[in-house]
Each structure stands twice: as structure tokens, then as C-alpha cells.
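Written below as C-alpha cells is the structure these notes are about.
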Amino acid sequence: MFSKTKKIAVLLASGVLLSTSFSTTAFADTTANSDTAVSTATNNTDNGNSQVNTTDSNANNSSNTNTASTQNNKQTAITQSKASDIDVNAVKEAMLTEINRLRSQNGLNPLTSVDVLNTYAQSRTDSFTNTGVDDHAGWDSANMYPYNQSAEENIAQTPLSIMGTNDPTTIAQKITTEFYVEKYDPEPNYGHRKNMLNPYVNYIGIGVTVANGMIYFSQEIGNDQAANDKNDANDMYNYYLTNNNDFANVSNYDLADSARESTNPDYVSRDNYTTLDLRGGVTTKGNYVSVYDRNGNKYDSIALQPHTDWASDLISIINNNIYFHVSTNGFVLADDVLPWATFLAGTIVRTNTNAQIYDDYGNPTGQYLASGSDWITDRRSTNLTTGSKMYRVGTNAWLRAADLSY
């Protein structure tokens, strides 16, 4: 089932030194996601001016697909029975309603459904019955003409047994929530959410196909030339560049946020306090790191140990200073830590040169990995000032993005 989990420490008392929230990591993660009921989802974007593709989100989860296809006969029969009861057209209508409800909550114009994009979206999901959701293979924004300006695509698949319902509204809410939260997306940049909440697009097509015990989804989003010309080119390009950030833009969605906001004020934006979602954490440097409350006040007797990892699910801007959320009512200044975002297990990078290995603090180690070799990565660290990226491939071992194909 689609759900959001978080992994944070809770500050139980003052006067204590917080210990690390993670065990020591031996090597980059090679373990499969413990939740085998995984929906795979990817996003792709064309910039409206240059039509340059962003780095695609790695989408295909073969283990999940195989699990769905090798269920016992009894389960398969149940799934097929459910499939026949799903009103695909009603699901499409409900998805349009839900994405526009999401956009309304963020002060954005509704998207208009158009036949060209609907036809292409349906052809995309129909093709997935043979290929699965495969990293946008075959996606061509030219097929969206004349709505191929600022073109975007979100695609996903999930087993019907995990969807657990035939109700169109519930299905639409679940897939919209997954696109928003991105629990099952290997890439930690919230690209699906950014596509759905792009303020500079106006048109959408939606495809839904039910087959093979799976339900496949596609959102094809873009502008025609007239709509694109109403936007400032620099504004569109700057929004496009937010796909390089390993954190969400400022946004809200009641289905994703209501539970945590009702129980914890750390998640509620207010004057001088803004939150951005993050799937990752921080590493402390060589000193003890001060911890602050949600108002920016430093705790007198609480600190994080040097050289420890801490899960973080929020970047918070408190009184114009940037903090990372590491516990209930506990934040650390961005300048005091090294931030990183997490990939899902099994994400692979390939060296395109004899790649220098760097330590946790960006220092070259004098060791190299051979050109053309593949490595599992579990974290990506981005310098918030320069935007430069590093990928972790082992304990105290990082590679520069420039030395990798990903």
C-alpha cells in the first residue's frame, strides 16, 4: 500500500548527548526494498525552450514485476476478477480531478484535458503491458504536438492486489499521492511532484491500462505555442532547473500532509517557518553540532556527535536560515552538516573515466575506480552553494557526478 514512512530520532529530554540514528554503513546498500509491494514510477521533462531532457528517473522494478507475474493461480484469478471491474474512463476522470485539486491547493491554474495528449498517454500505458514502465523508453514529445512545449511525462505501474480497490476516486488519490510523495521512485528529486505542480503548463492527457495483474498510469503534460508564449522564458527555465534539487519545492497536499501536520507542528508552515520535503539525511563533521528548536532557539545541552549520520525528512527555513530536521522539534543548521539524499536500493552508476574516490568530506583519497565499471549507490550529496553532486559507492567513498554515467 502506498504510505509514507520516516526515520527520525525523538528528543526525549534535555541534558543528553544524542547518539547516531544509524548503524555504521559498511558498503553502499545492496539489499532489496523490504516492501516488495512496490509501485514503480518515473518522471521525464523537456525544457520548453531547448527541449533538453533531464536525467530520467530509473523506473523499472523487475523484482516487483516478476512477483506480480508469478503469483499462484488463486491470487492471479482474484486479481483478474478485480481488473474486469475497474472503470478505466472513470479512473482517468478522477485523476484529472485530483491533479487539479492538488494544483488548486497550491494556488495554480487547473490543467485542461485535450484529445491529443489523452491519445498519446493511452498509447503509452498500452505499450507498458509488453515492456513495463521502463525509464521512459520510447517517450517522444513530438507525439504530443502541438502541446509538446514544456513537455513532461509521469508514468507508473502497481499491482492491482496492492492498489486494493476498484473505486476510481480512491485509485486516483493513491496514484496522485505516490507521485507527490515518491516513496517508490529510485530518484530522490521529487520530479513527479514538480511536474504536477509546474506553474507554467496548461494541458494534460491521462492514460490508464489494466493488464497482467497490473494497473499502468501515464500523465502527459505540456503547452501549445500560444500558452508557452505567455510565460517568461527565464521563469520557465528556472523552474525546470529545480529538477536538479534533491528536495521538493514548497508545496502542500492534504492527503499526504494532514496526518503529520495534525500531530506535529514541525510540518506546519507559518510566518518565518517554511518546509520542503527531503528523502535523506545529514552527516556531522568533526565537531559536535548544536541542535535548535522549530523557532530557531539553540538547546543548551543537546548536540549531535561528530561523524554520525542522521535521517532528515525536511529542510526548514527558520527566520531566513536553512536547517535540516533531525528529530521532533530538533533541527541543525545546514552549514554545520553535510546533506545527502537517498536512492532506493539497487540504483547503479557507471564510471566514464578512471574515477577518483573522495572521502566523506570531499577530499581525494588517491584511489581510483576503473573506467566503465558499475557501482551501486545509496546516497547523493549536493553542495547547496555550488550545486555540485557526489555519489556514495561505499563507506567513506564517493564519486563526482562528472565522472559517472547515470
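As numbered in full-length UniProt numbering, residues 1 to 406 make up the sequence shown, in order. Don't be surprised by glycine CBs; every beta carbon is placed ideally from N, CA and C.
**Item:** Per-residue DSSP class, three states only, for P265
**Value:** helix
**Request:** For my contact list, R380 and N329 are in at a C-beta cut-off of 8 Å; report their separation, rounded to the angstrom.
**Result:** About 28 Å separates the two Cβ atoms, so there is no contact after all.
**Prompt:** If we ignore side chains and look at the alpha-carbon of each, how far apart do T351 and A226 end up?
**Reply:** 43 Å
**Item:** Contained beta strand (DSSP E) runs [length at least 3] in the segment 347 to 397, N- to C-terminal order
**Value:** 348 to 351, 355 to 358, 364 to 369, 374 to 376, 379 to 382, 389 to 394
**Local conformation of I221 per DSSP, three classes** = strand
**Message:** With H, G and I counted as helix, E and B as strand and the rest as coil, what does DSSP make of residue 472?
**Reply:** Given a span of 1 to 406 for the chain in the structure shown, any question on residue 472 remains unanswerable.
**Prompt:** On the three-pair Cβ rule with 8 Å, is the segment 184 to 196 touching the segment 234 to 253?
**Reply:** yes
**Request:** Could you pull out every unbroken alpha helix (DSSP H) segment of at least 4 residues lying fully inside the segment 155 to 229, listed in chain order?
**Result:** 160 to 163, 168 to 181, 191 to 196, 225 to 229
**Asked** Can you give the Cα-Cα distance for K92 and T386, rounded to whole angstroms?
**Response** 41 Å
**Request:** Identify whether N321 lies in helix, strand or coil by the three-state DSSP scheme.
**Result:** strand
**Request:** May I ask you to report which of helix, strand or coil DSSP gives residue 408?
**Result:** With the chain running from 1 to 406 in the structure shown, residue 408 is simply not present.
**Request:** Within the same chain, show all residues whose beta-carbon is closer than 6 Å to that of Q367, passing over the 5 residues directly before and after it, in chain order.
**Result:** I357
**Message:** Quick check: the Cα distance between Y406 and M163, rounded to an integer number of angstroms?
**Reply:** 31 Å
**Prompt:** Hey, is the segment 277 to 293 in contact with the segment 221 to 239, meaning 3+ C-beta pairs nearer than 8 Å?
**Reply:** Too few Cβ pairs lie closer than 8 Å, so no.
**Message:** Report the CB separation of G191 from A121 in whole angstroms; it is logged as a contact under 8 Å.
**Reply:** The pair is not a contact, with the Cβ atoms about 17 Å apart (cut-off 8 Å).
**Message:** Just verifying my parser: in three-state terms, what is the DSSP assignment at residue 414?
**Reply:** Because the chain is modelled from 1 through 406, residue 414 falls outside the range shown and cannot be assessed.
**Prompt:** In chain order, what residues of the same chain have a beta carbon less than 8 Å from the beta carbon of N354, not counting five sequence neighbours either side?
**Reply:** Y368, L369, A370, S371
**Item:** Straight-line gap, D313 to N383 (C-alpha atoms, nearest Å)
**Value:** 18 Å
**Message:** Let me confirm a value: P364 is counted as buried when at least 16 other C-beta atoms fall within 10 Å, else exposed. Which label applies?
**Reply:** Counting every other CB atom within 10 Å of its CB across the protein chains shown gives P364 a total below 16, marking it as exposed.
**Asked** Which value, in whole angstroms, describes the spacing of the CA atoms of P159 and I215?
**Response** 6 Å
**Message:** According to DSSP, is F128 part of a helix, a strand, or is it coil?
**Reply:** helix
**Prompt:** Cβ of L117 within 7 Å of Cβ of Y239?
**Reply:** no
**Prompt:** Just how far apart, CA to CA, sit D87 and I322?
**Reply:** 46 Å
**Residue burial classification, D254 (beta-carbon count within 10 angstroms, cutoff 16)** = exposed
**Item:** Boundaries (first-last residue) of the alpha helix (DSSP H) holding A303
**Value:** Element bounds for A303: not the alpha helix (DSSP H) but the beta strand (DSSP E), 298 to 304.
**Asked** Does the Cβ-Cβ distance between G213 and T125 come in under 7 Å?
**Response** Not in contact: G213 and T125 (Cβ atoms no closer than 7 Å).
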